[in-house]
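Enquirer: Provided herewith is a single structure, encoded as structure tokens, for subsequent inquiry.
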Amino acid sequence: MSAVFKWSSLEGHALARRILDATPLPYDPHDHQIEGVCCSLDGVHLLAITPTGSGKTGFYTMYILVILAVLRDPTLCPTAKFPTNPCLIVICPTIPLQLEMAEKMCSVGLSALAINTNTREEAQRLRGEDLWKTARISSNVIIAGPEQLKTDEFEKALRDSAFFDRCCGTGFDEVHLLTTWGPRFRQDFLQMGYLLGKCPPKNRRTRIRLYNSMNFDSHNEETRGLLKNPDIDSSCQIVIGTDTLSVGINIAFRQDAIIIGDVEDADELVQKGGRVGRDRKLVNDARVIVYVTQAAHAAAEKALRERDLPLAAKSTPPDLSMVEMTVAKCKIEAQNRLYNNPPSDPPCKCLSCVDDPPPPARTLCNCSGCLPETIKPPPKPSAAPKPIDEIPKHKRLSKLQRAHGTNRLLALQRDI
């Protein structure tokens with residue numbers, strides 16, 4: 001198998017420059033632009049900090065131009081893997097910047113589409129066109145405002161597998177505004193920070209998986225296969241599952257079973273906790289962790305206090321096994337008492353136990369009752385920042401004034 005071509009190399013820089021020389025690009029790219037574009041072509045995240053007017057828009061333009069050129073002539077870079085009909089998403093803070101960027105990109109032969117409130121309204125009014133539907137199939141570059149990232153139309157576009165497969169990158173123009181504009185007067189700018197999470201890589205990581213009966217059987221089967229892999233550094237590390245994962249599943253190579261929510265009785269606790277740590281050669285300290293709220297702990301204490309009170313007629317005595325486990329100072333001692341476990345078991349002489357004997361009882365118990373965690377209380381949330389140049393209440397616009405001003409501005413917009 002041939003080695004994957006590395007764009008971030010002398011050969012890669014030379015190839016990118018040669019490709020761009022044959023495009024309608026009206027300028028000779030700076031060296032730092034070639035360097036940045038090649039980083040992006042290698043799939044490396046790029047944060048470009050350059051002087052004003054130094055051609056930051058060129059990073060997006062040159063990136064997509066190189067991809068399109070390689071797709072037209074695969075012999076330029078035989079090992080490159082780009083989407084067949086690529087689309088670059090660029091998030092731009094203001095409408096004038098979006099329109100200017102789209103115009104520049106169209107001038108070099110790209111199919112660029114600016115999507116904002118104005119262009120969407122105009123396209124719908126004049127042509128009955130939904131720009132996001134158009135963008136799904138035709139545009140090389142989509143230039144949108146941060147407000148578009150939380151629209152239903154953008155969500156539908158991402159859920160369109162054909163469009164999702166076309167996405168070859170995401171750019172954020174004026175990205176520094178994320179931390180200045182975002183927390184204050186234009187919180188939609190924070191949507192930029194969530195976009196990467198909405199666009200996972202094509203080969204998704206398997207470290208965190210969901211396991212439940214609503215999944216495809218193939219997905220659950222793959223998850224079970226990942227759990228059987230002893231190499232936890234390259235396999236599944238966290239599985240979030242329902243009770244379907246608590247019966248008949250052997251998770252020999254994993255250490256922790258974490259239970260969130262109410263546990264009916266001690267049998268359920270032992271059943272779920274017994275899924276993990278079955279290979280003692282690889283896992284020598286398996287744990288079951290149950291998160292109990294303060295309210296549940298208080299209810300358990302109350303139930304124990306009232307255990308000897310007379311029951312109502314025809315009522316069944318409650319199972320207090322989990323209640324006892326919750327309030328017990330030593331969880332292991334409480335478990336041994338509930339199940340009448342002997343202090344020690346005689347050693348088994350079978351070959352399996354001789355080869356891998358069960359661990360002896362601990363001299364010092366390390367359960368959460370005997371060795372409690374010292375958890376610091378969560379910090380108090382900081383007060384929300386006040387708006388910049390807050391206007392006194394008595395000087396603010398009334399609802400009537402706001403409506404009048406909005407109508408005047410809309411009329412002016414139509415005249416322009």
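The letter at position 263 of the sequence shown is residue 263 when you use the UniProt record's numbering, and the numbering goes up by one with no holes.
Even for Gly, the Cβ is constructed at its ideal location relative to N, Cα and C.
If you're wondering where the values come from, they're calculated on a predicted model, not measured in any experiment.
Nearest-angstrom Cα distance between Asn118 and Val290?
Expert: By one-based count along the sequence shown, residue 118 stands at place 118. By one-based count along the sequence shown, residue 290 stands at place 290. Computed Cα separation, rounded: 52 Å.
Enquirer: Only counting the same chain, and skipping five residues up and downstream in sequence, which positions put a Cβ closer than 8 Å to that of Leu320?
Expert: Here residue 320 corresponds to residue number 320 of the sequence shown, with the count starting at 1. The residues are Ala303, Leu304 and Arg307.
Enquirer: Who are the Cβ neighbours of Ile67 in its own chain at under 7 Å, not counting the five residues just before and after it?
Expert: In the sequence shown, residue 67 corresponds to position 67, counting from 1. Shown here for Ile67: same chain residues with a beta carbon closer than 7 Å to its own, the five before and five after excluded, namely Phe82, Pro86 and Cys168 in chain order.
Enquirer: According to DSSP, simplified to helix, strand and coil, what is Val90?
Expert: Counting from one through the sequence shown, the residue named residue 90 turns up at place 90. Strand at Val90.
Enquirer: Measuring only the C-alpha atoms, how far is Leu311 from Cys370?
Expert: Looking up residue 311 in the sequence shown gives position 311. Looking up residue 370 in the sequence shown gives position 370. Going by the C-alpha atoms only, they are around 34 Å apart.
Enquirer: Mind listing, in chain order, the continuous alpha helix (DSSP H) runs of no fewer than 4 residues lying wholly within the segment 248-310?
Expert: The DSSP assignment places complete alpha helix (DSSP H) segments of no fewer than 4 residues inside the segment 248-310 at 266-273 and 294-305, in order along the chain.
Enquirer: Do Ser191 and Lys150 have their CB atoms nearer than 8 Å?
Expert: Along the sequence shown, one-based indexing puts residue 191 at 191. Along the sequence shown, one-based indexing puts residue 150 at 150. Before going on, a small fix: residue 191 reads as Gln here, not Ser. When the beta-carbon positions are compared, Gln191 and Lys150 come within less than 8 Å of each other.
Enquirer: Can you find the residues in the same chain that come closer than 7 Å, C-beta to C-beta, to Ser138, ignoring five residues on each side of it along the sequence?
Expert: By 1-based counting over the sequence shown, the position of residue 138 is 138. In chain order, Ser111 place their CB closer than 7 Å to the CB of Ser138, counting only its own chain and leaving out the 5 sequence neighbours on each side.
Enquirer: Based on DSSP bridge pairs, tell me the residues matched to Ala114.
Expert: The residue you call residue 114 lines up with position 114 of the sequence shown. Answer by DSSP bridge pairing, in chain order: Ile143.
Enquirer: How should Cys350 be labelled, buried or exposed, when 16 other C-beta atoms within 10 angstroms of its C-beta is the threshold for buried?
Expert: The residue labelled residue 350 in the question sits at position 350 within the sequence shown. Classification for Cys350: exposed.
Enquirer: So, are the CB atoms of Asp279 and Met322 less than 8 Å apart?
Expert: Stepping through the sequence shown from its first residue, residue 279 is reached at position 279. Stepping through the sequence shown from its first residue, residue 322 is reached at position 322. Not a contact, by the Cβ cut-off of 8 Å.
Enquirer: Name the residue from Tyr211, Glu147, Arg120 and Met214 whose alpha carbon lies nearest to the alpha carbon of Tyr194.
Expert: Along the sequence shown, read from residue 1 onward, the residue named residue 194 stands at position 194. Ranking the options by Cα distance to Tyr194, first place goes to Glu147.
Enquirer: Distance check for Leu409 and Ser213, CA to CA, integer angstroms please.
Expert: The residue given as residue 213 occupies position 213 in the sequence shown. The residue given as residue 409 occupies position 409 in the sequence shown. Roughly 54 Å between the two C-alpha positions.
Enquirer: Counting along the chain, where does the beta strand (DSSP E) carrying Ile375 start and finish?
Expert: Within the sequence shown, the letter at position 375 stands for residue 375. Where Ile375 is concerned, there is no enclosing beta strand (DSSP E), given that its DSSP letter is neither H nor E.
Enquirer: In whole angstroms, what separates the C-alpha of Cys77 from that of Val70?
Expert: Counted from its first residue, the sequence shown places residue 77 at position 77. Counted from its first residue, the sequence shown places residue 70 at position 70. When rounded, the separation of the alpha-carbon atoms in Cys77 and Val70 is 6 Å.
Enquirer: Check Arg209 in the structure and name its three-state DSSP category.
Expert: By one-based count along the sequence shown, residue 209 stands at place 209. In the structure shown, the three-state DSSP call for Arg209 is strand.
Enquirer: Just to confirm, is the Cβ distance from Leu20 to Leu88 under 8 Å?
Expert: Translated into positions along the sequence shown, residue 20 becomes position 20. Translated into positions along the sequence shown, residue 88 becomes position 88. Taking 8 Å as the Cβ cut-off, Leu20 and Leu88 do not qualify as a contacting pair.
Enquirer: Would you check if the distance between the CB atom of Ile276 and the CB atom of Ile251 is smaller than 8 Å?
Expert: Stepping through the sequence shown from its first residue, residue 276 is reached at position 276. Stepping through the sequence shown from its first residue, residue 251 is reached at position 251. Ile is not the amino acid found at residue 276; the sequence shown has Val there. Contact flag set, yes.
Enquirer: What's the call for Ile143, buried or exposed, on a 16-neighbour Cβ count within 10 Å?
Expert: Sequence index remark: in the sequence shown, residue 143 carries index 143 (1-based). The residue is buried, with at least 16 neighbouring Cβ atoms inside 10 Å.
Enquirer: Determine the direct distance from the alpha carbon of Thr75 to that of Glu155, and round the result to whole angstroms.
Expert: What you label residue 155 is simply residue 155 of the sequence shown in a count that begins at 1. What you label residue 75 is simply residue 75 of the sequence shown in a count that begins at 1. Approximately 36 Å between the Cα atoms of the pair.
Enquirer: Is the Cβ-Cβ distance between Val108 and Tyr60 less than 8 Å?
Expert: Locating residue 108 in the sequence shown gives position 108, where the first residue counts as 1. Locating residue 60 in the sequence shown gives position 60, where the first residue counts as 1. Their beta carbons are not under 8 Å apart, which means Val108 does not touch Tyr60 by this criterion.
Enquirer: Determine, using beta-carbon pairs with one atom in the segment 8-20 and one in the segment 37-53, whether at least three such pairs fall under 8 Å.
Expert: yes
Enquirer: Which residue comes first and which comes last in the beta strand (DSSP E) that contains Val70?
Expert: Looking up residue 70 in the sequence shown gives position 70. Residue range Thr57 to Arg72 is occupied by the alpha helix (DSSP H) that includes Val70, with no beta strand (DSSP E) assigned at that position.
Enquirer: In whole angstroms, what is the alpha-carbon distance linking Ile332 and Asp355?
Expert: Taking the first residue of the sequence shown as position 1, residue 332 is located at position 332. Taking the first residue of the sequence shown as position 1, residue 355 is located at position 355. If you take the alpha carbons of Ile332 and Asp355, they lie about 26 Å apart.
Enquirer: Can you give the beta carbon distance from Ser344 to Ala361, rounded, assuming they're within the 8 Å contact cut?
Expert: Translated into the one-based positions of the sequence shown, residue 344 becomes position 344. Translated into the one-based positions of the sequence shown, residue 361 becomes position 361. Yes, Ser344 and Ala361 are in contact; Cβ-Cβ is about 7 Å, under 8 Å.
Enquirer: First and last residue of the alpha helix (DSSP H) that includes Phe5?
Expert: Here residue 5 is taken as the residue at index 5 of the sequence shown, counted from 1. Run containing Phe5: none; DSSP gives neither H nor E here.
Enquirer: Compute the beta-carbon to beta-carbon distance between Gln255 and Asp285, rounded to the nearest angstrom, for a pair I have assumed lies under 8 Å.
Expert: Against the sequence shown, residue 255 aligns to sequence position 255. Against the sequence shown, residue 285 aligns to sequence position 285. Contact flag correct, Cβ pair sits at about 7 Å.
Enquirer: Can you look up Ile238 in the DSSP assignment and give me helix, strand or coil?
Expert: Position 238 of the sequence shown, counted from the start, is the residue given in the question as residue 238. Looking at Ile238 - three-state DSSP - the assignment turns out to be strand.
Enquirer: Are Trp181 and Ala157 closer than 8 Å when you measure CB to CB?
Expert: Here residue 181 is taken as the residue at index 181 of the sequence shown, counted from 1. Here residue 157 is taken as the residue at index 157 of the sequence shown, counted from 1. Result no, Cβ atoms of Trp181 and Ala157 do not sit closer than 8 Å.
Enquirer: Kindly indicate which three-state DSSP category Gly171 falls into: helix, strand or coil?
Expert: Taking the sequence shown and counting its residues from 1, one reaches residue 171 at position 171. Gly171 falls in the strand class under three-state DSSP.
Enquirer: Among Pro372, Val141 and Leu178, which residue has its Cα nearest to the Cα of Met105?
Expert: For the purposes of this step, residue 105 is taken as residue 105 along the sequence shown, with counting starting at 1. Nearest option by C-alpha distance: Val141.
Enquirer: Can you grab the Cα-Cα spacing for the pair Arg159 / Thr79, in whole Å?
Expert: The residue given as residue 159 occupies position 159 in the sequence shown. The residue given as residue 79 occupies position 79 in the sequence shown. Looking at the two C-alpha atoms, the distance is approximately 28 Å.
Enquirer: Kindly indicate which three-state DSSP category Ile391 falls into: helix, strand or coil?
Expert: Reading the sequence shown from its first residue, position 391 is the one you call residue 391. Coil at Ile391, not helix or strand.
Enquirer: Just the C-alpha distance for Val292 and Glu222, rounded to the nearest angstrom, thanks.
Expert: Along the sequence shown, one-based indexing puts residue 292 at 292. Along the sequence shown, one-based indexing puts residue 222 at 222. Going from the Cα of Val292 to the Cα of Glu222 covers about 32 Å.
Enquirer: Tell me, please, whether the CB atom of Leu309 is closer than 8 Å to any CB atom in chain D?
Expert: In summary, chain D is missing from the structure at hand, where a single protein chain is found.
Enquirer: In whole angstroms, what is the alpha-carbon distance linking Ala3 and Ala162?
Expert: Against the sequence shown, residue 3 aligns to sequence position 3. Against the sequence shown, residue 162 aligns to sequence position 162. The straight-line gap from Cα to Cα measures roughly 29 Å.
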